[in-house]
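Novice:
Protein chains: 4
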Amino acid sequence: MAVRVAVAGASGYAGGEVLRLLLSHPEAEIGALTGNSNAGQSLGSLQPHLGPLAGRTLEATTPEVLAGHDVVFLALPHGQSAAVAAQLGDDVLVIDMGADHRLRDSADWDRFYGAPHAGTWPYGLPELPGARAALAGSKRVAVPGCFPTAVSLALFPAYAEHLAEPEAVIVAATGTSGAGKALKTNLLGAEVMGSVTPYGVGGVHRHTPEMVQNLSPVAGRPVSVSFTPTLVPMARGILATCSAKALPGTTAESLRAAYEKAYADEPFVQLLPEGQWPATKSVHGSNAVHIQVAHDPSARRIIAVSAIDNLTKGTAGGAVQSMNIALGLPEQLGLSTIGVAP
Amino acid sequence: MAVRVAVAGASGYAGGEVLRLLLSHPEAEIGALTGNSNAGQSLGSLQPHLGPLAGRTLEATTPEVLAGHDVVFLALPHGQSAAVAAQLGDDVLVIDMGADHRLRDSADWDRFYGAPHAGTWPYGLPELPGARAALAGSKRVAVPGCFPTAVSLALFPAYAEHLAEPEAVIVAATGTSGAGKALKTNLLGAEVMGSVTPYGVGGVHRHTPEMVQNLSPVAGRPVSVSFTPTLVPMARGILATCSAKALPGTTAESLRAAYEKAYADEPFVQLLPEGQWPATKSVHGSNAVHIQVAHDPSARRIIAVSAIDNLTKGTAGGAVQSMNIALGLPEQLGLSTIGVAP
Amino acid sequence: MAVRVAVAGASGYAGGEVLRLLLSHPEAEIGALTGNSNAGQSLGSLQPHLGPLAGRTLEATTPEVLAGHDVVFLALPHGQSAAVAAQLGDDVLVIDMGADHRLRDSADWDRFYGAPHAGTWPYGLPELPGARAALAGSKRVAVPGCFPTAVSLALFPAYAEHLAEPEAVIVAATGTSGAGKALKTNLLGAEVMGSVTPYGVGGVHRHTPEMVQNLSPVAGRPVSVSFTPTLVPMARGILATCSAKALPGTTAESLRAAYEKAYADEPFVQLLPEGQWPATKSVHGSNAVHIQVAHDPSARRIIAVSAIDNLTKGTAGGAVQSMNIALGLPEQLGLSTIGVAP
Amino acid sequence: MAVRVAVAGASGYAGGEVLRLLLSHPEAEIGALTGNSNAGQSLGSLQPHLGPLAGRTLEATTPEVLAGHDVVFLALPHGQSAAVAAQLGDDVLVIDMGADHRLRDSADWDRFYGAPHAGTWPYGLPELPGARAALAGSKRVAVPGCFPTAVSLALFPAYAEHLAEPEAVIVAATGTSGAGKALKTNLLGAEVMGSVTPYGVGGVHRHTPEMVQNLSPVAGRPVSVSFTPTLVPMARGILATCSAKALPGTTAESLRAAYEKAYADEPFVQLLPEGQWPATKSVHGSNAVHIQVAHDPSARRIIAVSAIDNLTKGTAGGAVQSMNIALGLPEQLGLSTIGVAP
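Chains as they are written, first to last, in the UniProt record's numbering: chain A, 1 to 342; chain B, 1 to 342; chain C, 1 to 342; chain D, 1 to 342.
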């Protein structure tokens, strides 16, 4: 089976990463590559790390160019995916790596994004309870945000076993590729090297409602999320430090058991041996999620920490994993759990 | 007035930083410089950034070498300061940049450090309520830990005005100089560049009881602290993201007012204009503390973020500031609020 | 004596650095701060590390705003300094941190910059033979480029003593602040962290003719320069690795002697002890130049390496040093030879 | 065909990288993993990025442990490979990633390494003229040094076509993993971040004679090499900036043609389109070599720049490529030309 794939938005970081992964995917055949402002340029000049595709030229993002593929990945700014998807047939698997189809609550969408809500698609985080089944055979996939991926996987096992109060406090460090290739002064190398700074503080980051949406059903009641992202001097990676007050009766043992149960059969999630904490470099370029959890009896809190590569498991790897499930391919095809370190 | 100063432990990061500051201090005259394993080596080979002292040679840390100074800074591994201090006269100002004399509760000391408790000295965080008075004229000063400095200044105004519940949740990012010059694999450049990782998770980090000790008296009741430090790829700097549940009635306005009140007259603390968040680079090499605070009504929490340079305000700058107060010099002498950026 | 100073272009890296230094300069009084696209914004939002100036507002760069100062620093894009300088009186000390007035040969200017040549001003590299005298009392100063500063100081002693052939080969690493705050994709943090890349290869970099201009008079014959700059993952600093074929008779001893002779009385140049090589971090934020030199008998070459901070000695520190000389102040006033490390 | 592979020295950077590559190699079956000081520890604790091998335990490096494999990779400190290799049968393919068997001239070995010379093995840089044939079917392979790999590939085409004088001047930037996991103060993260520094200056770096050995036969006369390595703030990657005086008649066109000829059929070498310069990040984690070349008519020099990943093509990737050739497998098996960027 050869799967013919197109990528809309191939000049950005998410587009480049999905191409990097597809180049190693045994069933994928890379078709059209599009970009708007960069149409006409060679991929070699825009993504010089993708040697085998250096001679390819970006085309404009039009229905004609995207036609004739089995799968279309959308790596577009938020608000642009719905219009492109509408032009693609129902028989094409459309995988939106942007935010447009993640949220179920239109009010959340309005509040955090402020554009008309494009609707909700099956959610591409297979490790969440119930998610894998919804993806199988689907022709539309909404890839999760990078932070919600890291946070939801760090916390849901504790909520699934009712070990924590429904008030989560999260501080996550992200590499600067998470902000995309946008030209902003605060993303210049001279600004970010040697500096750590928070942004979107106080409940205003757009990924917050997505975390609430993921955790509340597992907890069986509304979970509030206090989320503070920080920008750190690295290109890739997210480390999410998540905590919540322990419910009475929670012990280090019951906590560990909850995570072992949740991740016993997950190919991409590695619950580290006790005492070993995740490091973003260990998952660099891989689709792995490293997780560790602790119980702090003095502060009466559980602390769960996850590390992912924001561009791989946090975006393009999650997208390819979801593609595999949607197409009925082996879920791990073309994806690695081996990081590039040091 | 010329103040003759010795530094014990001049080859490490804390020792180097206090020398960097003293070189610009108009009243300080740099006397003996000691080190144990490095005795006999030139400072130029160990601290090549301290050009004016390049020709100096390190001596052994003995009472004879340290005698005859007005001030002795101790930049020693924990557990070693008490013995050295005991050999110095009561008329010498001894400033301990290590942990030995910070904690008031011997049980805390035993639990987190496991050595005999050396006693408690006046605490060198002048911005804390009551601390400045205790430092004036003192001949002994315990310099705070770098994390407790960042965290206590970020949170105490909220507790002073009774705006937050006494359960603080803190995640702090630190540059790797915070771990000192110790030769450990996890501190190698190849390991830390491109990686973020937590350590001392779950209530076991030694700075935790010091935070509790600082915040509880201000709050008027025991404050619990959940503290997670993370190592990030930069040499210097701490960003502390601190939060606590807002008490009923707390508003963005009352929160802002509490911080404006606390820091109106503090020369080293800059409460940033609303909407501007601290970045560690802005305080690089300076004694400044940048702070911002927000109220998240959805999660019903306050979030306070502070940025310091761990080696300056977090260690050697705080030490010099305390020296100035103890000696009756102007508090800002030889200290800057200007960062080296970008 | 209070010197009233204005800075045109205060929002960029060079402008910010000259302000950082002037804030510690005992004779400087900071007057007008201007910027064009940023006029009306607070300096605190643009240069948050300059705490004491946070409340200042940028004005437009007009003759009226710049009037009434003793010294005006121009931190403008190349091609813009001449017009602004023409509006300032002959009694005002104008210090151009841009390229406009460095080159003596109009043909070089035309070839490398392509704009009308604005003329040549006294050259602000006091350590070069003859340069200090030309600066004393001058009302116009052309601050050297950052690379020519590092390269000229690394090589001229060898040429002054006729120890090397007049064909210099230079590879220099620079921090990304050297490219300014311009918004370019290749300067984004995600691009520069973890990457080294050359640019301006093959004799086309604009600083090349300036190096030729500096070295040829010292050598007494035309010196050719092969110059390759590389962008490395740090915010500040230049390491220039310079070599030339040794002339017959050159020895390690004659080489060392040449450098000792050249720099015996230079306050900002530190010829390191034999065997110790410069590191950019040792001069971070300082006006120091660290230099080491070696003779390779197998390859029959001399290798001289210098480290500077591109924004300090390479730009704003050199500018303040020249200001001091031009005004008859002590040359070291307000400048440090102490780096901020680690 | 399944190839059973052992790795001696699996806890270091070279050992970890060869395991990373072998995990994706379709014919390799990973057998014994050894380490001396780390014997008994889990690989998961030492190389946490190698998820699939996390449960493996390191054994001691003994003949018994290494017996029964088709291939043994030696990732040992120099001077230790010969003794281990002597204990392995002649029918085992032994691939030495250390320096012991690279140099043909015992005098060079004595001068630069100072231990008894272990002899010379076929040289694992297949792109060098004649090298591929010597590797085919060999049971012993000496993997080149990382710098000689980058430098030889950057320069040999110019020498093969007699376009350059036999005096090469090379400045190379390397990530700090090149120094291995050795615990040295100058390799600490706090030291290397924000700093560039040279080392081994003046003809004393051990890789110098290896470059001479590679280039001289191609040039048909002795080539002298002036080599200066610099340590830059990144974990991986080498950028080699190489130049030599152009011989009369050399033009930009003849230069380009020489490189096109040399690399037309090389699967891992990408001569970039004119005007595009290599960046280390583009080859991060890949076995690709990116090369560009220019002619500087003013300085009458050719400048060739190459980028490799020091751990992949510079060590473990070159080793696997050589293994493939030695075993008669397709040369590209298990190796990628796609970098992990940004």
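Think of the CB as a built atom: it goes at the ideal place given N, C-alpha and C, for glycine as much as any other residue. Predicted model only: the values in this text are computed from it and were never measured.
Can you give the Cα-Cα distance for A168 of chain C and G98 of chain A, rounded to whole angstroms?
Specialist: Going from the Cα of A168 of chain C to the Cα of G98 of chain A covers about 52 Å.
Novice: Over the uninterrupted beta strand (DSSP E) stretch that includes S226 of chain D, give me the two end residues.
Specialist: 224-231
Novice: Of all Cβ atoms in chain B, is any one closer than 8 Å to the Cβ of K184 of chain C?
Specialist: Chain B, which has no Cβ nearer than 8 Å to the Cβ of K184 of chain C, makes this no.
Novice: Which chain C residues are close to R176 of chain A, counting only those with a beta carbon under 9 Å from its beta carbon?
Specialist: Checking the displayed sequence, the identity of residue 176 of chain A turns out to be Thr instead of Arg. By Cβ distance, chain C contributes L188, G189, A190, M193.
Novice: What are the residues of the region 262-287 of chain A that lie near chain D, defined by any Cβ-Cβ distance shorter than 8 Å?
Specialist: Q270, L272, P273, Q276, A279, K281, S282, V283, H284, G285, S286
Novice: Helix, strand or coil: which one does DSSP assign to V94 of chain A?
Specialist: strand
Novice: Please report the Cβ distance between T208 of chain C and F227 of chain C, rounded to the nearest whole angstrom; I am assuming they are in contact, meaning their Cβ atoms lie under 8 Å.
Specialist: 5 Å
Novice: Return the residue from the list A:F268, A:R104, A:G51 that minimises the CA-CA distance to G318 of chain A.
Specialist: A:F268
Novice: Could you tell me which uninterrupted alpha helix (DSSP H) segments, each at least 4 residues in length, are contained entirely in the UniProt domain "Semialdehyde dehydrogenase NAD-binding" (4-136) of chain D, listed from first to last along the chain?
Specialist: 13-22, 43-46, 63-66, 81-86, 106-112, 131-135
Novice: Taking the straight line between their C-alpha atoms, what separation do you get for V305 of chain B and A235 of chain A?
Specialist: Straight-line Cα distance between these residues: approximately 23 Å.
Novice: Can you tell me whether DSSP reads R256 of chain C as helix, strand or coil?
Specialist: Reduced to three states, the DSSP call for R256 of chain C is helix.
Novice: Going by the beta-carbon positions, is the gap between G200 of chain B and P233 of chain B smaller than 8 Å?
Specialist: Contact flag unset, no.
Novice: Starting from the C-beta of Q41 of chain A, find all residues in its chain whose C-beta is less than 8 Å away, skip the five residues before and the five after it, and write them out in chain order.
Specialist: S11, G35, T57, L58
Novice: Taking the alpha helix (DSSP H) that S243 of chain C belongs to, which residues open and close that run?
Specialist: No alpha helix (DSSP H) holds S243 of chain C; the beta strand (DSSP E) holding it covers 238-245.
Novice: Considering only their Cβ atoms, is the gap separating P126 of chain C from Q321 of chain C smaller than 8 Å?
Specialist: Less than 8 Å divides the Cβ of Q321 of chain C from the Cβ of P126 of chain C.
Novice: With 16 as the cutoff for other CB atoms within 10 Å, does S37 of chain B come out buried or exposed?
Specialist: exposed
Novice: Please determine whether the Cβ atom of R221 of chain B lies at a distance below 7 Å from any heavy atom of the ligand ZN.
Specialist: As far as ligands go, the structure on display features none, and thus does not contain the ligand ZN.
Novice: Between the Cα of P278 of chain B and the Cα atoms of C:E161, C:L50, C:D96, C:P148, which residue gives the shortest distance?
Specialist: Nearest to P278 of chain B by C-alpha distance, out of C:E161, C:L50, C:D96, C:P148, is C:L50.
Novice: Classify T315 of chain D as buried or exposed, calling it buried when 16 or more other Cβ atoms lie within 10 Å of its own Cβ.
Specialist: T315 of chain D is buried by the Cβ-count criterion.
Novice: Tell me whether Q332 of chain B sits in a helix, a strand or coil according to DSSP, three-state version.
Specialist: coil
Novice: Provide the residue(s) that pair with A294 of chain D in DSSP beta bridges, ordered along the chain.
Specialist: D:I303
Novice: T174 of chain A bridges to which residues according to DSSP?
Specialist: A:L231, A:I238
Novice: For A182 of chain B and L22 of chain D, what's the separation of their Cα atoms in angstroms?
Specialist: Going by the C-alpha atoms only, they are around 34 Å apart.
Novice: Shorter than 8 Å from the beta carbon of K181 of chain B to some beta carbon of chain D?
Specialist: yes
Novice: How long is the line joining the alpha carbons of T230 of chain A and P248 of chain A, rounded to whole angstroms?
Specialist: Roughly 31 Å separates the two Cα atoms.
Novice: For L327 of chain B, report the span of its alpha helix (DSSP H) as first-last.
Specialist: 317-327
Novice: Who are the neighbours of I303 of chain B on chain A, taking C-beta pairs under 8 Å?
Specialist: V201, G202, S226, T228
Novice: Under 8 Å, CB to CB, which of the residues in the region 235-256 of chain D have a partner in chain C?
Specialist: A235, R236, G237, L239, T241, S243, K245
Novice: Please report the straight-line C-alpha distance between L62 of chain D and V141 of chain D, rounded to a whole angstrom.
Specialist: Contrary to the premise, residue 62 of chain D reads as Thr rather than Leu in this sequence. Straight through space, the alpha carbons of V141 of chain D and T62 of chain D are spaced by roughly 20 Å.
Novice: Could you check whether the Cβ of Y13 of chain C sits closer than 8 Å to any Cβ belonging to chain A?
Specialist: yes
Novice: Beta-carbon of S45 of chain B versus every beta-carbon of chain C: anything under 8 Å?
Specialist: yes
Novice: Apply the 10 Å Cβ neighbour rule to A86 of chain D and answer buried if 16 or more other Cβ atoms are within range, or exposed otherwise.
Specialist: Exposed, by the Cβ-count rule.
Novice: Would the beta-carbon of D100 of chain D fall within 8 Å of that of A82 of chain D?
Specialist: yes
Novice: Do A118 of chain D and A172 of chain D have their C-beta atoms within less than 8 Å of each other?
Specialist: no
Novice: Do you know whose CA, among B:G334, B:T149, B:K261, lies nearest C242 of chain B's CA?
Specialist: B:T149
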